[in-house]
Amino acid sequence: MRYIFNFPDIGEGLEEGTIVEWYVTKGQKINSGDSLLKMDTDKVVTDIPSPKSGTIAAIYGKVGETVRVGTALVEIEIEGVSGAEAVKEAQKDSSVEVIEEKGAAVVGTIEVAGSRARLPASDEGMSEKINEIDKPIKKILATPVARALAKEMRIDINKVTGTGPAGRVMKEDIYAYLQNSLNIIKTAKINIADERVEIKPLTQIRKSIARNVSLSKHNAAHMTVFDEVEISDLIREREKYKEKFIAKGVKLSYLPFIIKATTLALKTHKILNAQLDIDNNQIIYKNYYNIGIAVDTDEGLIVPVIRDADDLTIFELAQKINEMSEKARKRELNLEELKDGTFTITNYGSIGGQFSVPIINFPQVGILGVGRIMKKPIVKNDAIVIGNILPLSISVDHRIVDGAETTRFVNQIMDYLTDPVSFIMD
Amino acid sequence: MNYDVIIIGSGPAGYVAAIRAGQVGLKTAIIEKDKVGGMCLNWGCIPSKSVIESAKLYKKIKHEASSFGITGFDEKNIGFDWNRSVKRADSIVKKLTAGINFLFKKNGVELIIGTAKIISENTVWVDNRLIEAKNIIIATGSDQEKIHSSLPDNLIVEISQLFKDRQIPGNIVVLGQNTVAIELVQFFNLIEKNVTLLVPGKKIMPMADNYLSEYVKNLLLKSGIKIIFDVDPDLKNFEYTEGNLVSGEIKTPCEMLINSRTRKGIIPESDININVENGFIVTDEHLRTNIPSIFAIGDVNGKSYFAHIASAEGLHVINYIKGVEEKINFKKYPLNMYTVPEVAQIGYTENEIKENGTDYKVSEFSLSANGKAMTEGDNIGFGRLLSDNKYGEVLGVQIVAPHATDMIAEAAAFMQVESTVYDVAKTVHAHPTISEIFMEAGLEAVDKAIHK
Chain A
28 MRYIFNFPDI
38 GEGLEEGTIV
48 EWYVTKGQKI
58 NSGDSLLKMD
68 TDKVVTDIPS
78 PKSGTIAAIY
88 GKVGETVRVG
98 TALVEIEIEG
108 VSGAEAVKEA
118 QKDSSVEVIE
128 EKGAAVVGTI
138 EVAGSRARLP
148 ASDEGMSEKI
158 NEIDKPIKKI
168 LATPVARALA
178 KEMRIDINKV
188 TGTGPAGRVM
198 KEDIYAYLQN
208 SLNIIKTAKI
218 NIADERVEIK
228 PLTQIRKSIA
238 RNVSLSKHNA
248 AHMTVFDEVE
258 ISDLIREREK
268 YKEKFIAKGV
278 KLSYLPFIIK
288 ATTLALKTHK
298 ILNAQLDIDN
308 NQIIYKNYYN
318 IGIAVDTDEG
328 LIVPVIRDAD
338 DLTIFELAQK
348 INEMSEKARK
358 RELNLEELKD
368 GTFTITNYGS
378 IGGQFSVPII
388 NFPQVGILGV
398 GRIMKKPIVK
408 NDAIVIGNIL
418 PLSISVDHRI
428 VDGAETTRFV
438 NQIMDYLTDP
448 VSFIMD
Chain B
-13 MNYDVIIIGS
-3 GPAGYVAAIR
7 AGQVGLKTAI
17 IEKDKVGGMC
27 LNWGCIPSKS
37 VIESAKLYKK
47 IKHEASSFGI
57 TGFDEKNIGF
67 DWNRSVKRAD
77 SIVKKLTAGI
87 NFLFKKNGVE
97 LIIGTAKIIS
107 ENTVWVDNRL
117 IEAKNIIIAT
127 GSDQEKIHSS
137 LPDNLIVEIS
147 QLFKDRQIPG
157 NIVVLGQNTV
167 AIELVQFFNL
177 IEKNVTLLVP
187 GKKIMPMADN
197 YLSEYVKNLL
207 LKSGIKIIFD
217 VDPDLKNFEY
227 TEGNLVSGEI
237 KTPCEMLINS
247 RTRKGIIPES
257 DININVENGF
267 IVTDEHLRTN
277 IPSIFAIGDV
287 NGKSYFAHIA
297 SAEGLHVINY
307 IKGVEEKINF
317 KKYPLNMYTV
327 PEVAQIGYTE
337 NEIKENGTDY
347 KVSEFSLSAN
357 GKAMTEGDNI
367 GFGRLLSDNK
377 YGEVLGVQIV
387 APHATDMIAE
397 AAAFMQVEST
407 VYDVAKTVHA
417 HPTISEIFME
427 AGLEAVDKAI
437 HK
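Protein sequence lines correspond, in order, to chains A and B.
Residue numbers for the first sequence follow my numbering, beginning at 28 and rising by one.
Residue numbers for the second sequence follow my numbering, beginning at -13 and rising by one.
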């Protein structure tokens, strides 16, 4: 019986590859493990081995052609196994042989080139095959908004159960599917009459936070880099200007300096001020620097946006921060003041925290977490002295930003914060 | 006698539920104490729309017919006969109620005339006998609260008594803050009466979008209707002297005061305790009362005062009894007002969208450039489309235009299938039609309207 071998997901997050060379021809007998072809992906050039023994019945794709993960490469005539069994067997194989890809724990993933490991057939291809056997593909009834949502959240609409008329997939069904798949709402059976529990409806802010953070975790590949920076000079400068600012009615915190340093660093590392447009295979770089600042309010987190933060002076930034946080707490922000952020800064240091793994404000690419300044012993000129240490945590979307670039970005921010005069030099 | 369902009240909630119950094979009885069809058919929607049509035709003949090219009549002799317009309404009502009686018979629904009293969760006393059913549906409707004042009784007319043979005086006052009150003041204005609207609040239509409400208020003021806001709903500060309602400095000529104030549920007599709050029966999302076998649909549950919503609630409950669980989304039902021009709204108002924190857009297209509206001689109005910026979903639609009450059905369909502004813009509308304003508003939302 025929077995269709699809271009497998080889686990590097790759979506396509270019055929360099075919090692087999139609009618050739092969054993499982024999190399079928050489494939060039943008990370590795690798041989793709056959998962089955049999005779090559058909070959898809010419040398030089680009093929996507999940599309058919060859058809193999397998002896003595019927079609459905072949598919089942292949599935069993894949469950045993899946090469697990652990998330990159090291900054800058180490790539393994030319791996000869035996690759399993793609799961994706298998489940499609099963579906073909189980039920004919039919047109899915879904509303335009549900389709747009599913597309954005990268949800396969075929898997969503529709609750609208005639089983039409509605907007709410997509949200329900997303929540189920993320298990954010585990509806354990709680007895409403139980006096030990209290039930409160979700506020609009809470709902929107829940939706946004799920969306971010569901879509972006989070990676976080931590570092510490010594800022004694900055502390001195701030002390100097604090009173002057207060005389003008503005409270000066460290945040304006951090925003300034961030916008300057973003101008060098523009990828951190970008957005991934995966549907069109492109990255959108933004030549404006709108910095979101996370504000803790009674009802939950609100992120007002400081527009064109790079054009503002330290005084103007301090003024803006005072104004925005005040407005956020009073719920007086308008939509314009919440829209179009390009990068976000969250300052939990003001509450006392040190390090965190902040969740990216999707579809932005990065978020900088700022901790509490602490006095710590440091080594300066081979002597132990008291240093003022500011902890930084930055999360990025590893789909488009790598560890090395993130580290360079953090280094630049730290350079600015160590030497406050450098702000006006660049 | 045993039934599957007993329905109390045969208005648009009860009679639709009864017909549907019969269609799906439930053994059904419906109890009516007065007239089949309830308020909507007998003294609400149908008679009022019928006399409004008379008034519109009167105005058209008197003020516009000659410019349309009609000759052979003397404009000075054109008059309006209230009693004949009511007679015409009566004949329409008779046809419709006969239709309902026919549908009851066709679907095996038993009609019992009498006043129902609920005895237990499964039994009802009516017409000197006890009948029993698995489920009881209360569909008894609502009634205006009385005006508790010291004004002379013969001055006040309840809406249920209005559409009858009577002399219509020159000075009319309507008390109310709803579409019915607005329709009535405009009707009397069309037949050239001196009309005042007393509003117990700050807005003439609290359910409508502010923009719509303001627009309609200005239309009314422009046509010479006086509006007094913030009156006491019981008119406590008003006295009646020498043909005038007097409150402090304000003197309002009044020979007939029509009560269209807030409605309250008509709660049937019951031996068991059915929860009532603020004058309405309390129901859950499937319109169940605190008694699992008893439902309440239509005005009596206080969720809405519209006949079409009452009917939809009736269908929902019968489905629910048959094991089909659906959600009711009150945002997908239109709100209609039969003024000149007509007014209709569906979905979320601009305020509600703002409160939800949605990033939205308003796309408006005026009727002033619409060819069909011009040929009809009535091109005052607009179509207004509210959509979210992320997916372009249509969140709300408001129309002021001739036939707005029919056109809103298109918006309802758009919303039922969660359409986007792209769908609206791409739906080709025939020319010339007033409905072209939809396409234009859709194009405006996507990019730019053509004729703007």
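Note that the Cβ used here is the ideal one computed from N, Cα and C, for glycine as well.
Next on the checklist: Can you check which of these residues, 205(A), 396(A), 318(A), 49(A), is closest to residue 334(A) by C-alpha distance?
Outcome noted: 318(A)
Item to check | 3 or more residues per run - each beta strand (DSSP E) lying fully within the segment 280 to 310 of chain B | outcome: 280 to 282
Item to check | CA-to-CA distance, residue 258(B) to residue 117(B), given in whole angstroms | outcome: 16 Å
Checklist entry - residue 379(B): buried (16+ other C-beta within 10 angstroms of its C-beta) or exposed? => result buried
Next on the checklist: Cβ closer than 7 Å: which chain A residues qualify as neighbours of residue 324(B)?
Outcome noted: Per Cβ cutoff of 7 Å: no residues; residue 324(B) is ~29 Å from chain A at best.
Item to check | chain B contacts from the segment 166 to 196 of chain A (Cβ-Cβ distance under 7 Å) | outcome: 170, 171, 172, 173, 175, 176
Checklist entry - Cβ of residue 446(B) within 8 Å of Cβ of residue 375(B)? => result Residue 446(B) is absent from the model: chain B starts at -13 and stops at 438.
Checklist entry - Going by DSSP, which residues form a beta bridge with residue 410(B)? => result Looking at the DSSP assignment, residue 410(B) forms no beta bridge with any residue, so it has no partner.
Next on the checklist: Contact defined as beta carbons within less than 8 Å: I believe residue 256(A) pairs with residue 444(A). What is the distance between those atoms, to the nearest angstrom?
Outcome noted: 5 Å
Next on the checklist: When you compare the CB positions of residue 120(B) and residue 111(B), do they come within less than 8 Å of one another, or not?
Outcome noted: no
Item to check | DSSP state of residue 3(A) mapped onto helix, strand, coil | outcome: Only positions 28 to 453 of chain A appear in the structure, and residue 3(A) is not among them; the question remains open.
Item to check | Proximal chain A residues relative to residue 288(B), where beta-carbon distance stays under 9 Å | outcome: Within chain A, no residue comes near residue 288(B); the closest Cβ sits about 21 Å away, beyond 9 Å.
Item to check | Neighbourhood of residue 262(A) by C-beta, 6 Å cutoff - its chain only, sequence neighbours within 5 removed | outcome: 415
Item to check | residue 423(A) beta carbon less than 8 Å from that of residue 376(A) | outcome: no
Checklist entry - In terms of residues, what are the limits of the beta strand (DSSP E) holding residue 237(B)? => result 236 to 239
Item to check | Reduced DSSP category for residue 54(A) - H, G, I as helix; E, B as strand; rest coil | outcome: coil
Checklist entry - Which runs of the alpha helix (DSSP H) fall wholly inside the segment 343 to 421 of chain B and span at least 4 residues, in chain order? => result 357 to 361, 390 to 402, 407 to 412
Checklist entry - By Cβ distance, which residues of its chain are closer than 6 Å to residue 82(A), with the 5 residues on each side in sequence left out? => result 56, 104
Checklist entry - When DSSP builds the beta bridges, which residues end up paired with residue 8(B)? => result Beta-bridge pairing links residue 8(B) to no other residue.
Checklist entry - Rounded to the nearest angstrom, how far is the Cβ of residue 292(A) from that of residue 382(A), given a contact under 8 Å? => result No, residue 292(A) and residue 382(A) are not in contact; Cβ-Cβ is about 20 Å, not under 8 Å.
Checklist entry - Is the CB of residue 440(B) under 8 Å away from at least one CB in chain A? => result Absent from the model: residue 440(B). The displayed extent of chain B is -13 to 438, so no value can be given.
Item to check | Separation of residue 360(B) from residue 146(B), as counted between CA atoms | outcome: 37 Å
Next on the checklist: Am I right that residue 397(B) and residue 383(B) are in contact with their C-beta atoms under 8 Å? What's the rounded C-beta distance?
Outcome noted: 4 Å
Item to check | Sequence-distant residues of its chain with Cβ nearer than 8 Å to residue 439(B) (five each side left out) | outcome: Beyond the ends of chain B as shown, which are -13 and 438, falls residue 439(B); an answer cannot be given.
Next on the checklist: Would you say residue 406(B) lies against chain A (beta-carbon separation less than 8 Å)?
Outcome noted: yes
Next on the checklist: My output table needs one value for residue 424(A): the three-state DSSP class, helix, strand or coil.
Outcome noted: strand
Next on the checklist: Give me, in chain order, the residues of the same chain whose beta-carbon lies closer than 7 Å to that of residue 277(B); leave out the 5 immediate sequence neighbours on both sides.
Outcome noted: 107, 258, 260
Item to check | Limits of the unbroken beta strand (DSSP E) element including residue 304(A) | outcome: 301 to 304
Checklist entry - Any Cβ of chain B within less than 8 Å of the Cβ of residue 241(A)? => result no
Item to check | Reference residue 79(A); option with closest CA among 62(A), 259(A), 236(A) | outcome: 62(A)
Item to check | Test: residue 200(B) CB closer than 8 Å to a CB of chain A | outcome: no
Checklist entry - residue 121(B) bridges to which residues according to DSSP? => result -9(B)
Next on the checklist: I'd like to know whether the C-beta atoms of residue 423(B) and residue 399(B) end up nearer to each other than 8 Å.
Outcome noted: no
Checklist entry - Should residue 328(A) and residue 336(A) be called a contact, given that it needs their Cβ atoms to be closer than 8 Å? => result no
Next on the checklist: I'd like the span of the beta strand (DSSP E) that includes residue 326(A), first residue to last.
Outcome noted: Element bounds for residue 326(A): n/a, residue is neither H nor E.
Item to check | residue 83(B) vs residue 21(B) beta-carbon contact at 8 Å | outcome: yes
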